[in-house]
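Novice: The opening position of the sequence shown corresponds to residue 5 in the working numbering, with each subsequent residue numbered one higher.
Supplied in structure tokens, the structure appears directly below.
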Amino acid sequence: MKITAIDLGKFNSMFCFYDTITNEYSTALTATNRGYFESVFKSQQPDLVVVEACGPSGWGSDLWGKLNFKIIVCSTHEV
């Protein structure tokens, strides 16, 4: 399974791309930009997207839903 986790920030976001089969991962620091996010997800084709609940997660969720990706939005204030 390919998982993409994102630490969303107002200006910059940290991506972690993880493959559960090979245990390989990579990270990337990027601008928080809808167009860039869309190109990354079209090229990566993750099986699951995990993000924190915050301001950008709203349009992010809309984008990932449009691209038909399974998404989990997590609250960092709860267990």
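In this text, a Cβ means the ideal position worked out from N, Cα and C, and glycines have one as well.
Please identify the residue among N16, S79, I75 and T26 whose C-alpha is closest to the C-alpha of D51.
Specialist: For the residues N16, S79, I75 and T26, the minimum Cα distance to D51 belongs to I75.
Novice: Tell me which residue opens and which closes the beta strand (DSSP E) that K6 is part of.
Specialist: Residues K6 to D11.
Novice: What whole-angstrom Cβ distance do V53 and F73 have, given they're in contact under 8 Å?
Specialist: That belief holds up - the Cβ atoms of V53 and F73 are roughly 5 Å apart, short of 8 Å.
Novice: Looking at F19 and T36, is the spacing between their C-beta atoms short of 7 Å?
Specialist: It is not a contact, given that the beta carbons lie outside the stated cut-off.
Novice: Have a look at the DSSP bridge pairing and note the partners of A57.
Specialist: None; A57 has no bridge partner.
Novice: Name the two residues that bound the continuous beta strand (DSSP E) containing S17.
Specialist: Counting along the chain, the beta strand (DSSP E) containing S17 begins and ends at N16 to D23.
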